[in-house]
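Going by my numbering, the letters in the sequence shown line up with residues 42 to 311, in that order.
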Amino acid sequence: MPVITTADGRIWKHRNRRQQLTQWACWFFGVFLFLWCWQIISDKTIWFFALDAPQQGADLLSRMIPPRWTYMERLWKPLWDTINIATLGTLLGIVVAVPTAFMAARNTTPHTMVRTAALMVIVSSRSINSLIWAMLLVTIVGPGVLAGIIAIALRSIGFIGKLLYEAIEEIDASQVEAIAATGANGMQVMAYGIVPQVMPAFAGISVYRWDINIRESTVLGLVGAGGIGLQLMASVNSLAWSQVSVIFIAIFVTVLASEWVSARVRHAII
Numbered sequence: 042m043p044v045i046t047t048a049d050g051r052i053w054k055h056r057n058r059r060q061q062l063t064q065w066a067c068w069f070f071g072v073f074l075f076l077w078c079w080q081i082i083s084d085k086t087i088w089f090f091a092l093d094a095p096q097q098g099a100d101l102l103s104r105m106i107p108p109r110w111t112y113m114e115r116l117w118k119p120l121w122d123t124i125n126i127a128t129l130g131t132l133l134g135i136v137v138a139v140p141t142a143f144m145a146a147r148n149t150t151p152h153t154m155v156r157t158a159a160l161m162v163i164v165s166s167r168s169i170n171s172l173i174w175a176m177l178l179v180t181i182v183g184p185g186v187l188a189g190i191i192a193i194a195l196r197s198i199g200f201i202g203k204l205l206y207e208a209i210e211e212i213d214a215s216q217v218e219a220i221a222a223t224g225a226n227g228m229q230v231m232a233y234g235i236v237p238q239v240m241p242a243f244a245g246i247s248v249y250r251w252d253i254n255i256r257e258s259t260v261l262g263l264v265g266a267g268g269i270g271l272q273l274m275a276s277v278n279s280l281a282w283s284q285v286s287v288i289f290i291a292i293f294v295t296v297l298a299s300e301w302v303s304a305r306v307r308h309a310i311i
C-alpha cells in the first residue's frame with residue numbers, strides 16, 4: 042500500500058483500482074518475460090554438458106596444478122609487450138581524446154557542427170570493443186604489437202573523451218568570466234581558466250583508463266594483436282594446462298600491480 046508522510050506521521054492508503062491493475066500488469070509482464078527468456082535459453086542449452094560441468098571443471102583444475110613454473114621465463118617479454126601495448130595505446134588515445142573532448146564540450150566547442158562531429162568520434166570509439174578493433178587491425182596492419190596499440194588507442198578515445206568533455210562542461214564559469222574580463226584572449230582563457238579546473242579529472246581519467254587497458258591488453262593476443270594473450274592461446278590450443286595456470290597467475294599479478302600503481306598515482310595527483 043502507498044504511504045503518504047505528513048506532519049502527523051505516516052498515512053497508509055489503499056491503492057485505487059487503476060494502480061492495482063497497473064501493478065499486476067507489471068508483475069505479469071515481468072514473469073512472462075522471464076519465462077520466455079528461460080525457454081529460449083533452455084532450447085539452446087545442452088543440459089547434459091551443463092550438468093557435467095562441475096566434473097569437467099574439477100578435472101581441468103587438476104591438470105592445471107601444479108603450475109609449470111619453468112615456463113615463466115618465456116613470459117617476461119610477452120608481459121612487457123602487454124604493458125607497452127596498454128601504456129602506448131593509452132598515450133595515443135589521450136593525444137586524440139583531449140582535443141576531441143574540448144570540441145565536444147558545449148562551453149568550448151567552436152561550432153555546433155564541430156561538436157556533432159566530435160561526439161560522433163566519441164560514440165564510434167565507445168561502441169566497438171577493443172577486441173573487435175584488434176581483429177580488424179590485425180587484418181589491416183598484420184599481427185603484432187602495433188595492432189594492439191592502435192586497438193587500445195581507438196577504444197580509449199571514446200572513454201577519455203566522454204568523461205573529459207563532461208568534466209569540461211561542469212567547470213565553474215565564473216572563473217572563466219573573471220579571466221576573460223581581464224582582457225585575456227581565447228588561448229589564455231583556455232590555459233588559465235579551463236585547463237586548471239579539469240586537470241585533476243583528466244589525471245584521474247587517464248590513469249584509470251591505463252589501468253583498464255592493462256586488463257584489456259592481456260586478451261588482445263587471442264586475435265593475434267601481441268602480448269601475453271599469444272602464449273595463452275598457444276598453451277590452450279596445445280592443452281598445456283600447467284602452462285595456462287602460470288599465465289593466469291602472471292596476468293593476475295600484473296593486473297594487481299597496475300591497480301596498485303594507478304591507485305597510488307591517483308592519490309598523489311588528485
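Cβ atoms here follow ideal geometry from the backbone N, Cα and C, with glycine treated the same way.
Please classify residue i: is it buried, with 16 or more other beta-carbons within 10 angstroms of its beta-carbon, or exposed?
i      : result
GLU300 : exposed
ALA208 : buried
VAL85  : Rather than Val, the amino acid found at residue 85 in this sequence is Lys. Counting Cβ neighbours within 10 Å, LYS85 comes out exposed, since fewer than 16 surround it.
VAL155 : exposed
LEU297 : exposed
GLU257 : buried
VAL186 : buried
ALA309 : exposed
ILE269 : buried
ILE87  : exposed
ASP100 : exposed
GLN284 : buried
SER83  : exposed
ILE198 : buried
TRP77  : exposed
THR259 : buried
TRP31  : Here the chain comprises residues numbered 42 to 311, so residue 31 is not present and cannot be evaluated.
Tell me the rounded alpha-carbon separation between residue i and residue j.
i      : j      : result
GLN272 : ALA304 : 29 Å
THR149 : PHE143 : 6 Å
ARG147 : THR157 : 10 Å
ALA275 : GLN238 : 48 Å
PHE75  : CYS67  : 12 Å
THR141 : LYS118 : 34 Å
TRP174 : LEU195 : 7 Å
PRO204 : PHE243 : Before going on, a small fix: residue 204 reads as Leu here, not Pro. Roughly 8 Å between the two C-alpha positions.
ILE212 : TYR249 : 21 Å
ASN254 : LEU129 : 10 Å
VAL306 : ASN278 : 38 Å
GLY265 : ILE246 : 28 Å
ALA138 : VAL287 : 36 Å
ILE292 : ALA159 : 35 Å
ILE163 : PRO95  : 42 Å
GLN97  : PHE90  : 9 Å
PRO184 : GLY267 : 7 Å
SER166 : ARG58  : 49 Å
ALA214 : VAL136 : 25 Å
GLY313 : GLY71  : Any property of residue 313 remains undetermined from this structure, which presents the chain solely from 42 to 311.
MET178 : LEU261 : It should be noted that the sequence gives Leu, not Met, for residue 178. Looking at the two C-alpha atoms, the distance is approximately 11 Å.
GLY134 : PHE289 : 27 Å
THR131 : SER103 : 38 Å
TRP282 : TRP65  : 52 Å
Which of helix, strand or coil does DSSP assign to residue i?
i      : result
ILE288 : helix
PRO107 : coil
ASN278 : helix
LYS203 : helix
HIS152 : coil
THR259 : coil
ARG147 : coil
LEU101 : helix
LEU132 : helix
ALA266 : coil
PRO184 : coil
THR86  : coil
GLY224 : coil
LEU116 : coil
ASN170 : coil
GLU218 : helix
ASP93  : coil
ILE212 : coil
The stretch 178-191 / the stretch 120-127 touching (three or more Cβ pairs under 8 Å): yes
Cβ contact check for the stretch 234-243 and the stretch 105-112: 3 or more pairs under 8 Å: no
Validate contact between the stretch 157-171 and the stretch 223-231 using beta carbons, cut 8 Å, 3 pairs: no
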